[in-house]
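Residue numbers are given in numbering that gives the first Met the number 0: position 186 of the sequence shown equals residue 185, and the series is strictly consecutive.
Just so you know, even glycine gets a beta-carbon here, dropped at the ideal spot from N, CA and C.
Read through the structure below, which is laid out as structure tokens, and then see the notes.
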Amino acid sequence: MLGCPAFEETGCEVLTAKGRNRALQAGLRAAEMTELIWACTMCGYCDAICPKDVQNVAIVLALRRELWGTPRRSRHEQADLVLGCTLRERLPELIPSIRRFVQRIGYRADVTDADCCGSLDVERGAVVPTRVRAGVVCDPICLEQYDGEFLGALAMRHLDMFDLKGRVYYFVPPRLVNRAPERFYALYDAMRRRFGCETNLDLNRLARCTGMSSVQGLSGEGRDVKAAVERLLATSRAERIITCSPADYLAFRDYSGRPVLFITECVRD
């Protein structure tokens, strides 16, 4: 189960999708396997690599809802630009560059989300997903609750606007590439080939994760994000790190010891 964040952190197969599914086959209920359920970061690596097409992320969500009881419905509004809680509350300094880029490529940035959309509560199992339309969504986590263009994918479609030269490590959002490779892999692979960037894409054409872009990572519970960052950069010679994932920006800023940029900070004047 190489590629599973829980296995790479602990070496325990029981905490992987394989371990959870065996526990279910043995007749265990959700309340009897809470550690196994909360080991998952929802990165989607196991779904993408499974030869039997088992939907492991969906299984984990169902188990978390069983633990929670009766999930409620979230209420969030349509918006031209969905920033997400991580950007609004923890990285507001990145918002001006995001607005400028979005406007330059012809999208509106007038109406932004003002409150939490509930995407992390969806991952907890406390909320049933309620997807609404949006223009541009800046955080991959928020795509649990919005249908819109992802900011990072838009950047990959406008590579001529960016300075990505030099020794760069580009961190690709795992849950997008792993859950929907047909939509996202080619975009990030084209960037890698064009600029010669190092990335977290592996030989399986899947993305490894830090564990930060999850309910556990953002709440500071359960995942050793520092160790994950160290594993990802163990052989890297990159001089700077770039990403389009706000949560993972925080992870690399705090633990990599290298300059970290959000993708919209790399737009050429």
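In the DSSP assignment, the beta strand (DSSP E) including residue i goes from what residue to what residue?
i           : result
residue 5   : Looking at the DSSP string, residue 5 is not in any beta strand (DSSP E); the run it does join, the alpha helix (DSSP H), is 4-9.
residue 80  : 78-81
residue 240 : 239-242
residue 146 : 145-149
residue 134 : 131-136
Can you tell which of the options has its C-alpha closest to the C-alpha of residue i?
i           : options               : result
residue 85  : 107, 173, 218 and 206 : 218
residue 132 : 240, 238 and 79       : 79
residue 51  : 28, 20, 245 and 119   : 20
residue 187 : 241, 10 and 165       : 241
residue 148 : 163, 106 and 87       : 106
residue 57  : 109, 33, 124 and 87   : 124
residue 7   : 247, 45, 108 and 24   : 45
residue 197 : 182, 224, 238 and 209 : 238
residue 73  : 189, 11 and 115       : 115
Tell me, to the nearest whole angstrom, how far the beta carbon of residue i is from that of residue j; I am working on the premise that it is less than 8 Å.
i           : j           : result
residue 144 : residue 117 : 6 Å
residue 320 : residue 262 : This structure cannot speak to residue 320, because the chain is shown only from 0 to 268.
residue 47  : residue 35  : Incorrect: roughly 20 Å between the Cβ atoms, too far for contact.
Enumerate in chain order the residues of its own chain whose CB-to-CB distance from residue i is below 7 Å, with the five nearest sequence positions on each side excluded.
i           : result
residue 157 : 104
residue 204 : 180 and 184
residue 70  : 64, 124, 125, 126 and 127
residue 236 : 166
Using a Cβ-Cβ cut-off of 8 Å (strictly less than) and excluding sequence neighbours within five positions of residue i, which residues of its own chain qualify?
i           : result
residue 201 : 2 and 207
residue 215 : 37, 40, 221 and 222
Please go through the same chain and pick out, in chain order, the residues whose beta-carbon is closer than 6 Å to the beta-carbon of residue i, but skip the five residues on each side of it.
i           : result
residue 178 : 43
residue 194 : 163
residue 170 : 199, 242 and 247
In the DSSP assignment, the alpha helix (DSSP H) including residue i goes from what residue to what residue?
i           : result
residue 18  : 16-24
residue 254 : 245-254
residue 228 : 224-231
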